[in-house]
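Taking it in order: structure first as structure tokens, then the write-up.
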Amino acid sequence: MSYGRCPSKKETYYGFKLHLLITLDGYITDFCLTSADIDDRAELWDLVESYHSIIILGDKDYIDNHLASELKAEKGVTLLPLKRNNSKSQYPKQLRRIIFKLRRRIETTGSQLSCQLNIQRVLARPVWGLITRIKTKLLGHGLCHYVNKVFNNESKVSQIKGLIFG
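Structure (structure tokens):
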């Protein structure tokens, strides 16, 4: 464990970071747990290890032209990070709108994990206990997706609050 910094919240915290790969409909396909001081871009290689020819919509932490070109050359992975407002090279307006819309789904999944499944507070002492509890919460999130699909709630596949608290 170590100290990390969250620029968007302007906070310093002690602990771990959870890195997620999430489909466009909010299903979590893969994750990595790192110490809080590990750079998100370094962990991206572990996340995409078993994937080829996918598109990743990253947040502003993933802005790195060198990383994007390496991912494309070695894995066929296209990295589209959000651009900062003061960036010299911006995406076309239509692409920016699509990325913001799709990122909203990803951010909602993170919010569900935090608010409804309380993933940021697992209260485990050994690391294996922490990983087990995180896996259980991610499994619960995936199970909610599955239950919504089974009950033909395709339009509400990502709405887990009703299943948990309803």
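Residue numbers (UniProt numbering): 1 to 166.
Don't be surprised by glycine CBs; every beta carbon is placed ideally from N, CA and C.
Could you give the residue range of the alpha helix (DSSP H) that holds residue i?
i           : result
I99         : 93-111
residue 167 : The first residue shown for the chain is 1 and the last is 166, placing residue 167 beyond what the model contains.
Take residue i and list the residues in its own chain whose beta-carbon comes closer than 7 Å to its own, dropping the five residues that flank it on each side.
i    : result
H141 : I28, Q112, L113, L117, I160
Per DSSP, residue i forms a beta bridge with which residues?
i    : result
T136 : DSSP output for T136 lists no bridge partner at all.
C19  : A quick correction: the sequence has His, not Cys, at residue 19. In the DSSP output, where bridge partners are listed per residue, H19 has C32.
C6   : E11
With 16 as the cutoff for other CB atoms within 10 Å, does residue i come out buried or exposed?
i    : result
L143 : exposed
N148 : buried
Y62  : buried
May I have the straight-line CA-CA distance separating residue i from residue j, to the nearest angstrom?
i    : j    : result
G26  : H19  : 14 Å
L102 : E11  : 26 Å
C6   : V150 : 38 Å
List the endpoints of the continuous beta strand (DSSP E) containing residue i.
i    : result
L67  : L67 -> not in any beta strand (DSSP E); alpha helix (DSSP H) instead, spanning 65-75.
D30  : 28-35
P126 : From DSSP, P126 is part of no beta strand (DSSP E); its letter is neither H nor E.
T78  : 78-81
I56  : 55-58
Chain B beta carbons: is any one of them nearer than 8 Å to that of residue i?
i    : result
Q120 : Absent here is chain B; the protein component of the structure consists of one chain.
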